[in-house]
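Q: Each position in the sequence shown, counted from 1, maps to that position plus 799 in the working numbering.
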Amino acid sequence: MATVLAPHGVGGELKVRIETDFPERFALLTRVYLGPEHLPYDFEGFRLHAAHGLLKLKGCDDRTAAEKLRGMDVWIPLGEAMPLKPGEYYEYQILGLEVSTPGGEPLGVIRDVLYTGSNAVYVTQGPRGEVLIPVLKDVVLEVDLEGGRMVVQLPPGLLE
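#1: Count the other CB atoms within 10 Å of the CB of G852; is the residue buried (16 or more) or exposed (fewer)?
#2: Is L827 helix, strand or coil by DSSP?
#3: Tell whether a beta-carbon distance below 8 Å holds between Q952 and T915.
#4: Measuring CB atoms only, is the segment 909–928 touching the segment 865–881, in the sense that at least three cross pairs come out at less than 8 Å?
#5: Quick check on E945 - is its C-beta less than 8 Å from some C-beta in chain C?
#6: Does L883 pass the burial test, meaning 16 or more other C-beta atoms within 10 Å, or should it be called exposed?
#7: Can you give the Cα-Cα distance for L813 and Y832, rounded to whole angstroms?
#8: Assuming Y888 and V942 are in contact, meaning their beta carbons sit under 8 Å apart, how far apart are those beta carbons, in whole angstroms?
See below:
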């Protein structure tokens, strides 16, 4: 949902980079989980500030406590995720998919998702090295979550 960038002020607020299409979801939360160990924190509040969010967690009451959380990812349980429209996917569903062209040429496995101003980009690693695939309707032709694969029609010249 977010990544902790830095403390904000002296009261324990956390400046976070919002990594969800549903920032309004923060208003409904009672608990979040931080870091690779998914440490639970009761949720006290959230507000938008400039291009970031400010998150307040119970027990994080000063700048020193907030500093210890710098760089941690903020998670929620999958059961609390907002439902998506058909053809939309959460990042965790996309990571690890095998990508190929309509002709069956393997391009690799999706290792990361980059968020740009206009569209997301899937980062694959495979036989051709790293390939960046724009997430556009004309490019992503098929997503088969159960089969663990994606078919893409690359724009002309992308692999050259």
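Even glycine gets a Cβ: it sits at the ideal position worked out from N, Cα and C.
A: For this structure:
#1: buried
#2: helix
#3: no
#4: Using a C-beta cut-off of 8 Å, the segment 909–928 makes no contact with the segment 865–881, since fewer than three inter-stretch Cβ pairs fall below that distance.
#5: No chain C is part of this structure, which consists of one protein chain only.
#6: exposed
#7: 14 Å
#8: 6 Å
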